[in-house]
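Protein chains in written order, with this note's numbering: chain A, 1 to 98; chain B, 99 to 261; chain C, 262 to 443; chain D, 444 to 529. Where is the CB? At the ideal position from N, CA and C, for every residue including glycine. Computed from a predicted model, the values in this text were never measured in an experiment.
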Amino acid sequence: MNIIISNLLIFVSLGFMIFGIIGIFRFKDFYARILISSKVETVGFLTIMVGLMFRTGISYSTMKIMLICLLAIITNPLSTHAIARSAYLSGYKTGKEN
Amino acid sequence: MKKITGYFSMIFIFTLIWIILNEKAGATQIVTGLILSIFSIFFANYYLLEEEYVDHYSLNIKSVIKYLVYLIFQIYKSGFSAIGKIIKKEYDVRISEYTSCLNDELSICLLANAITLTPGTVTIDKNGSKLKILSFEKDNIGTIAIDSETCSEFEKILGGIRE
Amino acid sequence: MTEKIFLILMVVLAFIALNTQKLRRSVIYLGIFSLVSSFVYLLYGAPDVAIAEAVIGSAISTVLYLVALKKYRVFTIYYTNANYNQIRDGYIIRGRAQILREVESFFVRKEMEPQIIYTTEDYKKVLAEENFDLLIHQDYDQVRLYGNAEDYQLDALEAHMCENPNELLKTEFIKFEAGDKN
Amino acid sequence: MNVLEAVLTVISILTALVLVRVIIGPTIWDRLLGLNMISAKIIMSIIILAVLTERTYLMDVALAYSVLGFIGTILIARFVEKKGEF
């Protein structure tokens, strides 16, 4: 039963990641790309981690995965924010690229 | 008294992390974990921080859990809305300003962190309690109510994060 | 299958990191290279090497490359003159020495190494064919400086020239967008 | 074929696709975005490998990487933002 749930969650997260990559190639504006990737990546990461937690059961490795999830929730927005801020302060304009 | 309980809870959390990293809960691990966490807290207290450690980082556990649960719910909501955006191919963005009604540094940083992860927004710049937010043109920002007098849901939760 | 894809990625990354023209981009490619190589070490069953590669490759070597990029750079400067054949000695030599001396002392103060090339070619030919950082073209007392718009050092040079203007020479900056060659 | 092995293969193909964006990306921030995404994908594949082979000490590598990996991204972003200074 656990294996089925974990497989389902892993497939859902793969779907999220594939959509993220489609978004990266489909959008023509840098700011739209960073908005999409910052969200879809985090969702895919969390979902695949929950799926792997179902597979390992309750043990120390589950707690390690939880620790990594917590770190990812803290650090992922930080780096996204740093990139977006760098582009904004360097004067990269919003709007369509040519 | 409050300070002492704060220090004890910090030491407990650090020892727990040490045990998780060691993957074993024997007597040796617990003792070394206690010694290392006490040493690191007092080292940070005397050499790295200007204030006391507890004043700086003590948080209300109930608020933190509420924040995390609400954040994860919002992350999933924004993930599904992002997929809709990708299919419909909308990419007009705008930059707007938002003045938060919080005035504590740590809470504002946590708010900016939450804004980055939730519907259609990335925080670009922070100046005092003023935040610059990048978002999609047609997005109703929902949880982060721009141009409104009242505090949003996140700010209500983060208001009580200090003990 | 996984192993093969990652090995191919490593080769591709090493190739483009060597062949890129801008060093900032090559720092990014090397960061990705160290990520992928640490995973390949794990696939071959060497977690201790992988953890060292993750720490050194991601944190320390990026910092070292950036500091080196900030500190040291050879700056190629071409110098052309419109009236090379009709130079009356005293007149132009003073002016030429002046502008070049100023630029050179500016770069030396910034801890970089200016490499000056005098040429008798027409400046349009140099613009089209040579690979340069700064081109100085002089027509009597009119001096034009051609440079890349993305170069930070040229912005600093322009600010420096605006602060200390030269009385004899009229300077003018012309910047163009770089072609997108990785 | 095990499910997790198939997932690892799919993730490696996705990494190759992100690398295409890194190579063609018009600005330097696109490349930084690609670095960020690839690092998330590598952390994922390290944990999948740890669960697949039941060697829990491999997770320490992922932990170290998630603590230190974002420093590089932030430093390069600051380097570009401050025009060559830190």
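Where does residue i land, buried or exposed, given buried means 16+ other C-beta within 10 angstroms?
i         : result
Lys64(A)  : buried
Phe267(C) : buried
Arg33(A)  : buried
Asn280(C) : exposed
Ile48(A)  : buried
Lys442(C) : Confidence at Lys442(C) is low in this model, with a pLDDT of 37, below 50, so the placement of that residue should be treated as unreliable; the coordinate-derived value is given next. Per the 10 Å Cβ criterion, exposed.
Leu478(D) : buried
Ser176(B) : buried
Thr42(A)  : buried
Phe140(B) : exposed
Asp473(D) : buried
Ser246(B) : Because the pLDDT at Ser246(B) is just 47, under 50, the model does not fix this residue reliably, and the point stays unresolved.
Lys39(A)  : buried
Gln414(C) : buried
Ser135(B) : buried
Lys484(D) : buried
Glu195(B) : exposed
Ile491(D) : buried
Ile111(B) : exposed
Val463(D) : exposed
Phe368(C) : buried
Leu289(C) : Note on identity: in this sequence residue 289(C) is Ile, with Leu being the wrong assignment. Result: buried.
Ser100(A) : No statement about residue 100(A) is possible, as the shown extent of chain A runs from 1 to 98 and does not include it.
Given a cut-off of 8 Å, decide if residue j and residue i are closer than it, judged by their beta-carbon atoms.
i         : j         : result
Ser37(A)  : Thr516(D) : no
Ser287(C) : Ala275(C) : no
Ile471(D) : Arg362(C) : no
Ile173(B) : Leu204(B) : no
Glu524(D) : Arg26(A)  : no
Asn7(A)   : Val446(D) : yes
Lys431(C) : Gly408(C) : no
Ile293(C) : Ile338(C) : no
Ser455(D) : Ala72(A)  : no
Val301(C) : Leu511(D) : no
Met502(D) : Ala493(D) : yes
Thr323(C) : Leu495(D) : no
Phe336(C) : Leu395(C) : yes
Pro426(C) : Val504(D) : no
Phe54(A)  : Ile5(A)   : yes
Can you tell me the Cβ-Cβ gap for residue i and residue j, rounded? I've got them flagged as a contact below 8 Å.
i         : j         : result
Ser295(C) : Ser319(C) : 6 Å
Leu475(D) : Ile24(A)  : Incorrect: roughly 13 Å between the Cβ atoms, too far for contact.
Met262(C) : Thr452(D) : 5 Å
Ile170(B) : Leu67(A)  : Between Leu67(A) and Ile170(B) the Cβ distance is about 16 Å, and since that is not below 8 Å, they are no contact.
Ala507(D) : Ile312(C) : 6 Å
Leu232(B) : Ala210(B) : Actually they do not touch by this definition, with Cβ atoms about 12 Å apart.
Met17(A)  : Leu457(D) : 6 Å
Ile489(D) : Leu303(C) : 6 Å
Thr103(B) : Leu132(B) : The pair is not a contact, with the Cβ atoms about 16 Å apart (cut-off 8 Å).
Lys101(B) : Val152(B) : 5 Å
Phe522(D) : Leu418(C) : Between Leu418(C) and Phe522(D) the Cβ distance is about 19 Å, and since that is not below 8 Å, they are no contact.
Val450(D) : Ile21(A)  : With a Cβ gap of about 15 Å, Val450(D) and Ile21(A) do not count as contacting.
Using the three-state DSSP reduction, which class does residue i fall into: helix, strand or coil?
i         : result
Lys525(D) : coil
Phe300(C) : helix
Ile58(A)  : coil
Gln403(C) : strand
Arg498(D) : coil
Leu232(B) : strand
Phe434(C) : strand
Gly240(B) : Bear in mind that the predicted position of Gly240(B) carries a pLDDT of just 46, short of 50, making it too unreliable to give a figure here.
Thr214(B) : helix
Phe276(C) : helix
Gly408(C) : strand
Ser287(C) : helix
Leu492(D) : helix
Glu188(B) : coil
Thr341(C) : strand
Tyr196(B) : strand
Leu157(B) : coil
Phe294(C) : helix
Asn98(A)  : Residue placement at Asn98(A) is poorly supported in this model, since its pLDDT is 35, which falls under 50; the coordinates still yield a value, given next. Residue state, collapsed to three classes: coil.
Phe252(C) : An answer regarding residue 252(C) cannot be provided, because it is not within the stretch 262 to 443 covered by chain C.
task: Within the stretch 4 to 53 of chain A, note down every full alpha helix (DSSP H) run reaching 4 residues or more, in order along the chain.
output: Listed in chain order, the alpha helix (DSSP H) elements of length 4 or more contained wholly in the stretch 4 to 53 of chain A amount to none.
query: Unbroken alpha helix (DSSP H) runs of length 4 or more, entirely within the stretch 99 to 154 of chain B: which are they?
result: Fully enclosed alpha helix (DSSP H) runs of 4 or longer: 100 to 120 and 125 to 141.
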